[in-house]
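Report on one structure; see the data block that follows.
Protein chains: 2
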Amino acid sequence: MRYANALSEKDTQELDQLYANIKAKTATVLGYPVAMDFDYSELYRFLQFPVNNIGDPFIESTYGISTRAMEAEVLDFFARLYRAEQGGWWGYITNGGSEGNMYGLYLARELYPKAMVYYSESTHYSVQKNLHLLDMPSIAIRTKENGEIDYEDLHDTIRMNRNMPVIVFANIGTTMTEARDDIRKIKSIFKDLAIHHYYIHADAALTGGYCSYTDPCPAFDFEDGIDSLSVSGHKFIGSPIPCGIVLVKKSHRDRIANSVAYIGTVDTTITGSRNGITPLFLWYAIKRYGLEGFKLRTERCLQVAAYAVEAFNKIGLAAWRNEQAITVVFAEIPKALCLKWQLASDNGRTHIICMPGITEERIDLLVQDILLTASHSKEETFNLIIKQK
Amino acid sequence: MRYANALSEKDTQELDQLYANIKAKTATVLGYPVAMDFDYSELYRFLQFPVNNIGDPFIESTYGISTRAMEAEVLDFFARLYRAEQGGWWGYITNGGSEGNMYGLYLARELYPKAMVYYSESTHYSVQKNLHLLDMPSIAIRTKENGEIDYEDLHDTIRMNRNMPVIVFANIGTTMTEARDDIRKIKSIFKDLAIHHYYIHADAALTGGYCSYTDPCPAFDFEDGIDSLSVSGHKFIGSPIPCGIVLVKKSHRDRIANSVAYIGTVDTTITGSRNGITPLFLWYAIKRYGLEGFKLRTERCLQVAAYAVEAFNKIGLAAWRNEQAITVVFAEIPKALCLKWQLASDNGRTHIICMPGITEERIDLLVQDILLTASHSKEETFNLIIKQK
């Protein structure tokens with residue numbers, strides 16, 4: 029770095045402090061869906077170069093400093109995993125789940141400009157931001173107790189808007205309870221109401237990372253009837269940089285390509301310059317884990333989740349999880365504990381997510397903290413629950 | 029990485045091949061606006077952690093593994109550089125220039141839903157993709173020979189649509205010739221036509237990285253009258269991962285915050301999860317270069333650009349550049365050369381961009397290649413130009 033000085037002592041201290049702080053915080057994450065057991069040090073050498081997977085990953089570029097070949101391999105891995113038709117899919121590696129959701133909704137809007145979007149009330153708030161940005165009309169649908177979309181309410185609501193094409197934004201793992209909307213049930217509603225113009229986008233941000241390896245496996249993928257899917261890369265696989273994969277039916281993407289062709293480009297990605305480092309991370313993880321490794325990792329997470337449910341219930345804190353979910357839900361605990369363990373709360377509930385890297389020991393530490401806090405807490409209900417035991 | 033195997037021999041070879049390929053390609057970049065002289069190895073240790081600057085950088089989060097404090101410092105640096113009103117700006121670090129442009133246009137649409145967008149025909153194609161996504165009506169304006177917007181055509185066209193609020197998407201450095209639209213001249217058109225409802229977004233992707241350090245400095249920043257600005261981080265400063273900064277007038281952002289408040293969030297960023305590593309890179313670069321280092325780096329680029337113009341003209345290849353620009357424009361050269369030196373072409377013209385890291389020696393190598401090719405080329409016009417000399 030010519031014309032640059034070494035970092036000042038003060039700045040070095042600030043950096044070291046940040047490092048120590050981040051390290052400590054990583055040791056007490058329990059409420060966020062991020063894997064912590066990754067190691068990409070073998071790839072750091074690529075950070076010397078201005079890597080950029082600019083534009084459509086499948087269209088050649090004059091810019092040679094890219095990891096496009098690896099990106100294509102990653103996409104192919106996920107297309108198979110999600111049972112997309114061979115040769116019938118298209119996609120790219122995004123900057124995170126939200127971008128993939130926006131892309132899916134954008135495609136849906138281009139196909140059905142006059143459609144109504146339906147999503148459950150458990151949907152992540154970023155989706156409403158996306159809908160606002162894309163200027164798409166939408167209706168929120170009630171959820172069942174477990175966070176899954178209420179199919180009856182969905183049926184009734186679509187029935188009242190039968191004149192409009194239907195776009196369903198389905199959650200394959202809601203943020204709070206990791207509930208999965210059942211694509212086959214949704215499709216049976218369309219059949220019942222003779223809806224022929226519809227589009228289903230699956231937001232599989234966290235759960236899409238592993239649910240293909242579980243038995244039973246939810247009805248969520250291309251063979252089950254979706255049109256597009258977004259999954260995060262930094263969640264189940266793990267990455268120091270947010271990333272994700274969006275996959276869509278190729279025929280849909282081709283139609284959008286036509287509609288932007290007057291611009292003189294066939295690049296239908298949302299961004300121009302694109303991260304070429306995260307595709308490399310994902311490629312590396314896929315090569316090193318393989319299907320077998322991902323399956324073992326999944327089983328381990330489910331094991332820890334089962335352990336956590338039992339541990340919480342044992343001390344009188346009623347906890348539960350959806351079938352084959354790694355998210356454990358329980359009543360909100362005192363704020364200081366939520367802060368320390370970085371637990372997000374919503375409507376009097378909170379959760380831990382048993383991501384790769386989280387062990388029974390970390391669950392035990394939280395349980396100890398809960399017991400300790402309960403014995404000193406002024407919050408009566410909280411006291412009561414624990415003391416009842 | 030538990031449950032992971034070591035990389036297979038085949039995969040290791042593929043990775044090593046990629047490394048060698050990227051290294052070689054980096055040595056022959058001349059046509060893309062990416063700095064190559066960065067070194068962030070001191071920061072690689074942060075890649076062990078699931079860093080995420082989720083949501084609005086100025087709103088506290090329960091997620092602690094972030095570099096928000098550094099992000100705020102970076103934003104403050106650029107807000108001062110672009111003469112934003114103290115306390116009157118807001119912004120965040122994006123995944124690249126396009127995202128910042130989309131954010132600026134989104135804000136403009138929220139403020140003036142019935143406006144017409146004007147942009148010059150030299151505008152990057154991603155902007156039209158953004159306008160399509162945001163569903164905003166727009167008109168392309170003619171450009172002058174040097175790539176700058178034709179103020180007369182802009183004046184006439186706005187005059188014919190005086191009933192609509194005006195959104196101008198201004199280029200501070202076009203992709204091909206690095207032409208800068210003059211914000212003061214644009215504002216004088218508004219004054220002349222008594223347009224009171226207007227919004228100016230500045231796309232300063234490359235040029236915004238350094239033009240504040242040149243004399244004369246183009247009319248392009250908040251004091252000159254813009255409402256929002258997008259600049260890339262991976263271009264002039266340099267980064268192995270695309271990134272950028274978007275800055276907007278705080279009052280505009282607050283209005284958008286109100287319009288999405290029904291969603292129950294004050295997070296107005298487009299994405300949810302956000303990269304926390306690139307803010308650290310930018311922070312590090314700012315600390316190490318300082319204003320003085322950036323100024324010296326700028327002068328060096330201008331020096332190489334001046335050298336290139338002279339070197340091309342000396343061999344009979346007519347080359348020119350805009351005032352204080354580091355982009356040198358000349359007639360398209362044979363395809364094999366464009367491929368080797370990664371030069372993008374448009375309408376019979378091509379360019380090199382004298383980014384930090386590019387030296388006179390690299391220019392000399394290109395000149396040698398041109399002479400060598402000319403002596404063997406079957407392309408008559410090309411031959412003619414060079415042989416005339």
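Just so you know, the sequences run in chain order E and A. Here the first sequence is numbered in this note's numbering, starting from 29 and rising by one per residue. Here the second sequence is numbered in this note's numbering, starting from 29 and rising by one per residue. All C-beta atoms in this analysis are idealised placements derived from N, C-alpha and C, irrespective of residue type, glycine included. The model shown is predicted, which means the values in this text are computed figures rather than measured ones.
In the DSSP annotation of this structure, the continuous segment of the alpha helix (DSSP H) that includes Trp-311/A starts and ends at 305-342. From the beta-carbon of His-262/A, the residues of chain E found nearer than 9 Å are Pro-78, Asn-80, Ser-301.
Closer than 8 Å to the CB of Asp-104/E there is not a single CB belonging to chain A.
Interface residue (Cβ-Cβ distance to chain E less than 8 Å): Tyr-134/A is classified as such. Leaving aside the five residues that flank Trp-369/E on each side, the residues in its chain whose CB is nearer than 8 Å to its CB run, in chain order, Thr-56, Val-57, Leu-58, Gly-59, Ile-380, Leu-394, Asp-397. The region 185-204 of chain E makes contact with the region 219-231 of chain E; the number of CB pairs closer than 8 Å reaches 3 or more.
Considering only Leu-43/A, Thr-122/A, Leu-161/A, the residue with the shortest C-alpha distance to Phe-74/E is Leu-43/A. Excluding five sequence positions before and after Lys-278/A, the CB atoms of its chain that fall closer than 7 Å to its own CB belong to Gly-116, Trp-117, Trp-118, given in chain order. Within the region 338-372 of chain A, the runs of beta strand (DSSP E) that reach at least 3 residues and sit entirely inside it are, in chain order, 355-359. When DSSP assignments are scanned along the region 152-188 of chain A, the uninterrupted stretches of alpha helix (DSSP H) that are 4 or more residues long and fall wholly within it turn out to be 153-162, 179-187. Boundaries of the alpha helix (DSSP H) harbouring Thr-40/A: 37-54, taken from the DSSP string. Under a 10 Å Cβ-count criterion, His-225/A is classified as exposed, with fewer than 16 other Cβ atoms of the shown protein chains found around its own Cβ. Residue burial annotation: Gly-376/E is exposed, with fewer than 16 other C-beta atoms found within 10 angstroms of its C-beta.
Under the three-state reduction of DSSP, Ile-273/A is assigned to strand. The DSSP-derived three-state label of Ala-143/E is coil. By a beta-carbon distance limit of 8 Å, Glu-99/E contacts Pro-85/E. Their separation comes to about 5 Å.
Across the region 337-350 of chain A, no CB contact with chain E closer than 7 Å is found for any residue. With a cutoff of 8 Å on beta-carbon distance, Gly-237/E and Ile-265/E are scored as near each other. Ile-223/E and Ile-186/E do touch by the CB rule: their CB atoms are close to 7 Å apart, below 8 Å.
According to DSSP, Asp-231/E shares a beta bridge with Asn-199/E, Ser-258/E.
The alpha-carbon separation between Pro-193/E and Ser-166/E amounts to approximately 12 Å. In this structure, DSSP gives Asp-374/A an extended state, which the three-state scheme calls strand. Thr-90/A: not part of any beta strand (DSSP E); DSSP gives it neither H nor E. Neighbours of Lys-53/A in chain E, taken as residues whose beta carbon is under 9 Å from its own, are Phe-77, Tyr-91, Gly-92, Ile-93, Ser-94 in chain order.
Residue nearest to His-160/E within the set Asp-178/A, Phe-358/A, Glu-138/A, Thr-355/A is Glu-138/A (criterion: CA-CA distance). At a C-beta separation below 8 Å, Arg-283/A has no neighbours in chain E, since its nearest C-beta there lies roughly 13 Å away.
Nearest in C-alpha terms to Ser-150/E, of all of Ile-273/E, Ser-267/E, Glu-206/E, Pro-61/E, is Glu-206/E. Here Val-194/A carries a strand assignment [DSSP, helix/strand/coil]. Take the alpha-carbon of Phe-105/A and the one of Gly-261/A: they are about 13 Å apart. Comparing C-alpha distances from Glu-251/A to each of Gln-114/A, Met-204/A, Met-64/A shows the shortest one belongs to Gln-114/A. In the three-state DSSP reduction, Tyr-226/A falls in the strand class (E or B). DSSP places Ile-217/A within a helical segment (H, G or I) once states are collapsed to three. Excluding its 5 nearest sequence neighbours in each direction, Trp-311/A has C-beta neighbours in its own chain below 8 Å: Thr-95, Met-98, Glu-99, Glu-101, Val-102, listed in chain order.
Taking a cut-off of 8 Å for Cβ pairs, the region 144-158 of chain A and the region 311-331 of chain E do not touch, as fewer than three such pairs fall below it.
Look at Ser-69/E here: in three-state DSSP terms it is helix.
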